[in-house]
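Taken in sequence, the protein lines are chains A and W. Residue numbers are given in UniProt numbering: position 100 of the first sequence equals residue 100, and the series is strictly consecutive. Residue numbers are given in UniProt numbering: position 49 of the second sequence equals residue 49, and the series is strictly consecutive.
Number of protein chains: 2
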Amino acid sequence: MPGPAPYGPSERTTPTRARHRASYDRELVHAILDEGWVCHLGYIRDGAPVVLPTIYARVGERLYLHGSTGSRPLRETEESGTGLPVCVTVTHVDGVVLARSAFHHSVNYRSVVVHGTARSVLGEEERAAALDALVDQAVPGRSQDARPANAKELAATSVISVDLREVSAKVRSGGPNDEPGDLALPHWSGVLPVSTTRGTPQPAADLAPSVTVPAYLTQG
Amino acid sequence: MPGPAPYGPSERTTPTRARHRASYDRELVHAILDEGWVCHLGYIRDGAPVVLPTIYARVGERLYLHGSTGSRPLRETEESGTGLPVCVTVTHVDGVVLARSAFHHSVNYRSVVVHGTARSVLGEEERAAALDALVDQAVPGRSQDARPANAKELAATSVISVDLREVSAKVRSGGPNDEPGDLALPHWSGVLPVSTTRGTPQPAADLAPSVTVPAYLTQG
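Laid out in structure tokens, this is it:
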């Protein structure tokens, strides 16, 4: 069975460099997005770029972002009804690539860049579902084991959505690409793997000893 | 002895939310920058924001960035002599903060946001030093154990500099801040630590067995 259709490339999702590393494959994009939960959100404020880290969740072909970071500029543009042009980037660093030459040093990574328009999620039902998704993107299963937001908390939380339309992934993997003339040099070459890991859950100081660590924090 | 003077806050480095987490402390900013080596570079292209991951190095009060990602828009602005307005953000995620309520879930993190103007590093001496710094930021000590760039490679590498002037750090640490009324709920609360670790160096397939793993890859 063929996979889903890829994202259509656009002028700005076509890299000028290392084009062979770019992909518009929908399953690859989803996999990279689903492995992360913190993105870098870019927007323009007073004519200058702003890049802030924030949490996100993917639900189908839509990203939800915790909106506190982008809510002020978003509000400003929403008065005009146009939404806020944004770029959302998710990056996983997998390794440092050490070549014999300084020039061929590189990084193994997987990234997704989303160009789009951010809009405030105003509907209460969509907002509540998005908040669950944000919690579950960080810790799968957690949203069902926490007190849901009450009306006051829901009203105090801003959520932003960005549709996945203009999207590309970029992947670099494997060892160094040394010059043939450098292979006999005495310098070590290869890859220093880098990974993000989760440690032992640290209970809150005021947590009752009877509340044990849930399985979703220790598995997977 | 007092520490160095802090960065002066500006309108755009003053957060509208969680101001108590913002800092302009120079030593804190340097420490956060020095712990990383991959940043997210934001700039404006054709009126829209672009955010791309790239490597960086801090040398005193200047950041150097590998310029391949930003070189095209930078070249365009350099014809006008003004440089490219950028935002450079470095983020370390330290943990997922799980509260009894969905609303009080949070992230422990340390980030630095640099607003400034990117310029191409054109001087050969500064460019060569910046390239060494980029390699050493990822793997301290490595630049002295690799073949230096030759004239052709140097000419093919673009390096961008951004001065550290308009800079702020933001830090969230510690456990969840639950509502007093939620403390008796049966949900686990605390922090799930997140860290970035380096694994066992993987030699290149064509590395001679006589070349052993250097100490700078296995220590620290």
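The C-beta atom is built at its ideal place from N, Cα and C for all residues, glycine as well.
Any idea what DSSP makes of residue i, helix, strand or coil?
i: A/S23; result: strand
i: A/L43; result: The residue asked about is misnamed: residue 43 of chain A is Tyr in this sequence, not Leu. In the structure shown, A/Y43 sits in a strand (DSSP, three-state: E or B).
i: W/H66; result: strand
i: W/A31; result: helix
i: W/T14; result: coil
Going by C-alpha to C-alpha distance, which of the options sits closest to residue i?
i: A/H40; options: A/C87, A/R58 and A/A57; result: A/C87
i: W/P53; options: W/G47, W/V38 and W/V29; result: W/V38
i: W/V162; options: W/L74, W/A99 and W/P49; result: W/L74
i: A/N177; options: A/S106, A/D25, A/R165 and A/R62; result: A/S106
i: A/H30; options: A/D132, A/V113, A/S195 and A/P148; result: A/V113
i: W/T89; options: W/H104, W/F103 and W/R110; result: W/R110
i: A/T82; options: A/A102, A/V59, A/T196 and A/T117; result: A/T117
i: A/E179; options: W/A99, W/A146 and W/A155; result: W/A146
i: A/H92; options: W/T196, W/E124 and W/T200; result: W/T196
i: W/E166; options: W/P85, W/L98, W/A18 and W/G123; result: W/P85
i: A/H20; options: A/R100, A/R172 and A/G141; result: A/R172
i: A/T16; options: A/K170, A/Y64 and A/L65; result: A/K170
i: A/G141; options: W/L164, W/I160, W/L98 and W/T200; result: W/L98
i: A/E11; options: A/P4, A/A22 and A/I160; result: A/A22
i: W/G3; options: W/A18, W/T14, W/L28 and W/T13; result: W/L28
i: W/K152; options: W/P209, W/H104, W/G36 and W/E124; result: W/E124
Between residue i and residue j, how many whole angstroms is the CB-CB distance? I'm expecting something under 8 Å.
i: W/S68; j: W/S158; result: 6 Å
i: A/W188; j: W/V135; result: Going by Cβ atoms, the distance from A/W188 to W/V135 rounds to 13 Å, so no, they are not a contact pair.
i: A/P6; j: A/R26; result: 6 Å
i: W/V191; j: A/Q137; result: Wrong, their Cβ atoms sit about 17 Å apart, outside the cutoff.
i: A/D132; j: A/V194; result: Not confirmed; about 31 Å, so no contact.
i: W/A215; j: A/P148; result: With 8 Å as the limit, W/A215 and A/P148 do not qualify as a contact, their Cβ atoms being about 53 Å apart.
i: W/L183; j: A/D206; result: 6 Å
i: A/V96; j: W/V139; result: 6 Å
i: W/A57; j: W/A130; result: 7 Å
i: W/I44; j: A/P49; result: 5 Å
i: W/A156; j: A/G175; result: That pair is no contact at about 21 Å.
i: residue 221 of chain A; j: A/L164; result: A query on residue 221 of chain A cannot be resolved here, the shown segment of chain A reaching from 1 to 220 and no further.
Select from the segment 38-63 of chain W all residues with a C-beta closer than 8 Å to any C-beta belonging to chain A, and list them in chain order. V38, H40, L41, G42, Y43, I44, R45, D46, G47, A48, P49, V50, V51, L52, P53 and I55
Please go through the segment 87-147 of chain W and give each complete beta strand (DSSP E) segment of 3 or more residues, from N-terminal end onward. Runs found: 106-120.
What are the complete alpha helix (DSSP H) segments, minimum 4 residues, inside the segment 148-218 of chain W? Within the segment 148-218 of chain W, the runs of alpha helix (DSSP H) at least 4 residues long that lie entirely inside it are, in chain order, 151-156 and 215-218.
Using a Cβ cut-off of 9 Å, which residues of the segment 181-204 of chain W contact any Cβ in chain A, in chain order? D182, L183, A184, L185, P186, H187, W188, S189, G190, V191, L192, P193, V194, S195, T196, T197, R198, G199, T200, P201, Q202, P203 and A204
Residues in the segment 131-151 of chain A having any Cβ partner in chain W nearer than 9 Å: L131, D132, L134, V135, A138, V139, R142, S143, D145, A146, R147, P148, A149 and N150
Chain A contacts made by the segment 97-123 of chain W, where a contact means CB separation under 8 Å: L98, A99, R100, S101, A102, F103, H105, V107, Y109, S111, V113 and H115
Which residues, taken in chain order from the segment 163-180 of chain W, show a beta carbon closer than 7 Å to some beta carbon of chain A? Contact annotation: in the segment 163-180 of chain W, residues whose CB is within less than 7 Å of a CB in chain A are G175 and P176.
Quick one: which residues of the segment 15-30 of chain A get their C-beta closer than 7 Å to a C-beta of chain W? List them in chain order. T16 and R17
Using a beta-carbon distance cut-off of less than 9 Å, what residues from the segment 204-220 of chain A approach chain W? A204, A205, D206, L207, A208, S210, V211, T212, V213, P214 and L217
Using a beta-carbon distance cut-off of less than 7 Å, what residues from the segment 83-96 of chain W approach chain A? Of all residues in the segment 83-96 of chain W, only P85, V86, C87, T89, T91, V93 and V96 place a beta-carbon less than 7 Å from a beta-carbon of chain A.
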